[in-house]
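K.L.:
Just dropping this structure here.
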Amino acid sequence: MPFLKEPWKKYKPFKPLHLPNRQWPDKVIDKAPRWLSSCLRDGNQSLPDPMNGEEKWRYFKMLCGLGYKEIEVSFPSASQTDFDFTRRLIETPGAVPDDVFLQVLSPCRPDLIRRTVESVRGAKNAIIHIYLATSECFRQVVFGYSEEQTLELAVECTKLVRSLTKDNPEASGTRWLFEFSPECFSDTDPDYALRVCRAVKAAWGPNGETGDQVILNLPATVELSTPNVYADLIEYFCNNIGDRENVILTTIVELVTAELGQMAGADRVEGCLFGNGERTGNVDLVTLALNLYTQGVSPQIDFSDLNSVIQMVESCTKIPVHQRAPYGGSLVCAAFSGSHQDAIKKGFQSRQRQGLSSEDPWHGMPYLPLDPQDIGRNYEAIIRVNSQSGKGGSAFILHAKLQLDLPRGLQVAFSKVVQRRTEELGRELLANEITQLFETTYFLHENPHFSLVDYSITPDRSQSPLPPALGKTQDTKDLIRIFEGVVLVNGKEFKLRGRGNGPISSMVAALREVNIDLDVHDYKEHAIGEGRGVKAASYIECKPTGSEQTVWGVGIHEDVVQSSLIALLSAASNFITSRPTSPTMKPIATAAPQETPSVISVLEEKANGIQGRNRRCFTHPPPYPLKRRNRLCDRLAFLVPASLDDFAGHRAFQAGEDFLSELFLDLGDAVPFERLHPGRDLVYQRSQRGQLPLGDGPALQRPALKRQLSYVWRERFPRKEYKSSGSQQCIEEKQ
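According to this note's numbering, the sequence shown is numbered sequentially starting from 786.
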C-alpha cells in the first residue's frame, strides 16, 4: 500500500483540551520528583527474552545502589518466576533496604489481586498497583463495558485491595500504599477520568497526614498528541480532583511529556533506565534525572558511574544502549566535526587559563552541558577523529595524551596527515593511534635521518667590541652565536659549524653544509609539567629555500635549547622525507663539509703562489720551510699590538679590510676579513688555557708572538699528516 498523499482521510487529529488560563508554561522544575523504576516489571515484560531470577536479582541490587526508593519488581499473577522472585526478595534477610518500597502490579480482577497481595506478604513496605482501561476505545472494543460498569469495577477492586492490606490485621506489619491507573488516560474523556479517580480515592480512604496518600497514575499509554496537550490534561486534573494533599499524581509517559507533566503538577514519575518498555518504551529515567542535574537540581539518584549501569542493563536485557542515547550513549560526548572539536578544545583551554577544576562552575563549555567526569567518563573520549574531523580533534587528543599545545599551523599540517591515514584505513583513528602517528611523523622517539650527537653554542668573539676593562667579564649577550657539533646524518657522523643570531639560526647555517637549506618561518615553545621534572616542547616551522611549502618539526627535552635543536632536526627530516606536508626528498651531501680556511692556510696558499687550483688540496697546508714560515709570522706580528689584553680582545684582527689589503698587497689580492677568525680563535683559546708561551710580564713582544704562531702552526699542521706529490707539493687527504 502506498504512503498516503491525503492522510487526513484516514487519521483524525487529537482534539486538545480547551484550557485558556493554563499556568504550567510559567512553572519551572526546581526539585526531583518521586521516582519509580519499572525496569523489572514493565521493562522486563517487554523484552523478547525476559530476565531470569538471577538477572533480576542483580538488577534490583543495582537499582537500590543508585538510590531508587520505589521499585516495581514484578507482575506476580502473570508468572511463577515473577512470584518466586518477589518472595525471594522478601524472605532474604537484608535484600531489601528498609526505606525501599516493593511495588507489584495486577489488573482489576479479584483472583489476580489476591495472588498479587500474597506475593508481598511480610514485606516491610509495599505498593499494590492495579489498573483498568478507561478510554472509550478500550471500554467498547476490548471489554464491552459502559462507563458505569468500568467505574464500579474500579471501586470494587480498590475496596478489595484495602480489605487485604491496610484493613487486614494480619498484614499490619507492612506499610501499604495503593496506586490506581486509569489506563489510556490521555485518550479518556478528562471529566470521566476525574469521576473514576475520585471514586477510587474515596474507596481507598487516604490520609495524607500519616503518609497514606493514594497514588493516581495518569499514563499516556500510547502517545496521541503533542506534550503540551498532556500537560493541559494534568493541570486540569490537578485543579479538579479535589483533596489534592491526599493525592500523589504520577505519570508514565515519554520524556518531554514527563517534564511538562511535572511543570503542570505531577509529583511522581515512573519509567525505566534508558527507556525500555512496551512499544516505543517508557520515559528514560537516566535522561530525566540528568536533565535535572544539568540545571543544578539534584535528582537524588547517583549516576556517577554510568558506564557500569550501562553494562548491567545491556547484560540483563540483551538490548544495547544506543550509541546516541542521551547521556549514556558512547558517542554522546564525542565530537567528530572539526568545528565542534575546535570549540570544545578552546572551552577546555579557557577553563585551564582560569584555573578552574572539575568542582568549579561548569559554564562557557561549547557542546557539553554536562561535565563528562560527573558520570564517570573521561575527556579522552570526547574527541573522536575520522576523515571528517578537523585540526582541533587531533590537537585535543595530543594535549590530553602528551600535554602538547600545538600551534595552529602545526594543527593544520598534522590534520592532513590524520585525514590521509583515516581515508587509507576507512575508519576513525583511536586516541592511541593518533598519538603514535604524531610521534612517528615528527620523530619524537627516533629520527632516522638526523641525530644530535654533540654540540656547543658559543659567542663569536670576533665580532666583539672593545675589550672589557681589566678584571671585568666581556659582555657577549649581543654577539653572533656559533654552532659547532657532531650530527649523525643517515648513520654517518658529520662535524658541522654555523653562525647565526642564536642557537637555531646557527644550526640552520650549519645544516647547509649537508645540503639542508631551510629558513625558519615560525617557532613556539612551552613547558610540559612542573617542578624538577619539567620539559620543554618546541615547535618549529621551516620553509625550504625557493619553496612556498613548509615543514614542521617537534622536539621535547629537559633542556630548552636542545629541545629547539631537536625540533629543527625533526623539520629537516620531514624536509627530506616524502610526506603530505613535506617537499620531495632532497639528497644529502655524501662528503664531509669543507672547513672554512683559516688565515694561516690562506697565507700558505697565497705565499706559494697557488691561486685558482682545487682548494681541497690545501685543506691541510704542506710542511712549510721554517724560514718562510717565520716570515709569515713576522707579517702577522706587525698587526698585533704589544698588549696581551688587546691581543685577547682581537682588536688588531678587527681593524678592517684596509689593513689586510695593505698586508697582502704583494700576494695579489685581499683576504676576506671573515676568514681570519678560525686561526685567531685557535691562538686565543690556547692562550686562555695557558698552552702557549706568552713570555714574562703583561707585555707581549713580537718574538714571543712569532714563537706562538710557529707553535700553533706545528700543532695544527704536523708533518706526519702530509706527503709531497710532485713539485707542486699538492697534499692528499689521509684516507
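Backbone N, C-alpha and C fix where the C-beta goes; we use that ideal spot for every residue, glycine too.
Only a predicted model underlies this, so the values are computations on that prediction, with no experimental measurement involved.
#1: Would you list the one or two residues that DSSP bridges to LEU1353?
#2: Measuring alpha carbon to alpha carbon, tell me which of LEU832, LEU789 and LYS812 ends up nearest PRO1105.
#3: Keeping to the same chain, check which residues put their C-beta closer than 6 Å to that of SER862; ignore five residues upstream and five downstream.
#4: If you run the structure through DSSP and keep just helix, strand and coil, what is ASN1163?
#5: CB VAL881 to CB ILE912, shorter than 9 Å?
#6: Grouping DSSP H, G and I as helix and E and B as strand, with all else coil, what is ASN1025?
#7: Give me the Cβ distance between CYS1327 and LEU1303, rounded to the nearest whole Å; I'm assuming they're in contact under 8 Å.
#8: Can you tell me whether LEU1450 is buried or exposed, with buried defined as 16 or more other CB within 10 angstroms of its CB?
#9: If distances are taken between C-alpha atoms only, which option among CYS969, GLY1338, ASP976 and LYS1131 comes closest to SER1023?
#10: Along the chain, where does the beta strand (DSSP E) containing ARG1053 start, and where does it finish?
#11: Could you tell me the boundaries of the alpha helix (DSSP H) in which CYS1118 lies?
#12: Under the three-state reduction of DSSP, which class applies to ARG899: helix, strand or coil?
#13: Here's a check: name, in chain order, each residue in its chain whose Cβ is nearer than 7 Å to the Cβ of THR1079, leaving out the five neighbours to either side.
#14: So what does GLY1340 bridge to, in DSSP terms?
#15: Name the residue from ASN1232, ASP1245, GLY1211 and GLY1178 whose alpha carbon lies nearest to the alpha carbon of THR1220.
#16: What's the call for LYS800, buried or exposed, on a 16-neighbour Cβ count within 10 Å?
#17: Below 8 Å CB to CB, which residues in the same chain sit around ALA1128 once its five sequence neighbours on both sides are set aside?
#18: Going by DSSP in three states, LYS1328 sits in which element: helix, strand or coil?
#19: Give the C-beta separation of ARG1317 and PRO1288 to the nearest angstrom, bearing in mind that I take them to be a contact with Cβ-Cβ under 8 Å.
#20: Whole angstroms is fine: what's the gap from ARG837's alpha carbon to GLU1099's?
#21: I need the straight-line Cα distance from SER1142 to ILE1351, nearest angstrom please.
#22: Under three-state DSSP, which class holds LYS1231?
#23: Would PHE1544 and TYR1240 qualify as a contact pair, given that the criterion is a beta-carbon distance under 9 Å?
#24: Roughly how many angstroms separate the alpha carbons of VAL1293 and HIS1306, rounded to a whole number?
#25: Look up ILE1104 in the DSSP assignment and say whether it is helix, strand or coil.
#26: Is GLY1060 near the ligand PLP, judged by its Cβ being under 8 Å from some heavy atom?
#27: By how many angstroms is the C-alpha of ASP1245 removed from the C-alpha of PRO1372?
#28: With DSSP as the reference, label ALA918 as helix, strand or coil.
#29: Determine the burial state of THR871: buried for a count of at least 16 other Cβ atoms within 10 Å of its Cβ, exposed for fewer.
#30: Can you name the residues that DSSP bridges to ASP883?
#31: Which same chain residues, not among the five before or five after ILE875, have their C-beta less than 6 Å away from its C-beta?
#32: Using a Cβ-Cβ cut-off of 6 Å (strictly less than) and excluding sequence neighbours within five positions of PHE1088, which residues of its own chain qualify?
#33: Quick one: grab the DSSP three-state call for VAL1068.
#34: VAL905: buried (16+ other C-beta within 10 angstroms of its C-beta) or exposed?
#35: Below 8 Å on the Cβ atoms is my guess for ARG924 versus THR935; work out the distance and round it to an integer in Å.
#36: Select from GLU1020, GLU1063, LYS854 and ALA1321 the residue whose C-alpha is nearest the C-alpha of ILE1086.
P.N.:
Answer, in terms of the structure:
#1: Answer is none; LEU1353 lacks a bridge partner.
#2: Relative to PRO1105, the option among LEU832, LEU789 and LYS812 whose CA is nearest is LEU832.
#3: SER891, LEU897, ARG900 and THR901
#4: Residue state, collapsed to three classes: coil.
#5: no
#6: helix
#7: 4 Å
#8: Because the pLDDT at LEU1450 is just 37, under 50, the model does not fix this residue reliably, and the value given afterwards should be weighed accordingly. Classification of LEU1450: exposed, given that the 10 Å Cβ count is below 16.
#9: With the sequence shown as reference, residue 1023 is identified as Cys, and Ser is not the correct amino acid for it. Nearest option by C-alpha distance: ASP976.
#10: 1053-1056 is the extent of the beta strand (DSSP E) around ARG1053.
#11: Careful: CYS1118 lies outside any alpha helix (DSSP H) and carries neither H nor E.
#12: Of the three classes helix, strand and coil, the one that applies to ARG899 here is helix, per DSSP.
#13: PRO1154 and LEU1155
#14: SER1323
#15: GLY1178
#16: exposed
#17: Excluding residues within five positions, the ones whose Cβ falls inside 8 Å are PRO1151, TYR1152 and GLY1177.
#18: strand
#19: Not really, about 23 Å apart at Cβ, beyond 8 Å.
#20: Before going further, note that residue 837 is Asn rather than Arg in the sequence given. Whole-angstrom Cα-Cα distance: 14 Å.
#21: 34 Å
#22: Note on identity: in this sequence residue 1231 is Glu, with Lys being the wrong assignment. Coil.
#23: Residue 1544 lies beyond the stretch modelled for the chain, which goes from 786 to 1520, so this question has no answer here.
#24: The straight-line gap from Cα to Cα measures roughly 12 Å.
#25: coil
#26: In the structure shown, the ligand PLP is absent, as is every other ligand, since no ligand is present at all.
#27: The predicted position of PRO1372 is uncertain, since its pLDDT is 46 and thus under 50; no value can be drawn from it.
#28: strand
#29: Classification of THR871: buried, given that the 10 Å Cβ count is 16 or more.
#30: Note: ASP883 sits in no beta bridge, so no partner.
#31: GLY907 and ALA908
#32: ILE1160
#33: DSSP places VAL1068 in coil when its eight states are reduced to three.
#34: buried
#35: 6 Å
#36: LYS854
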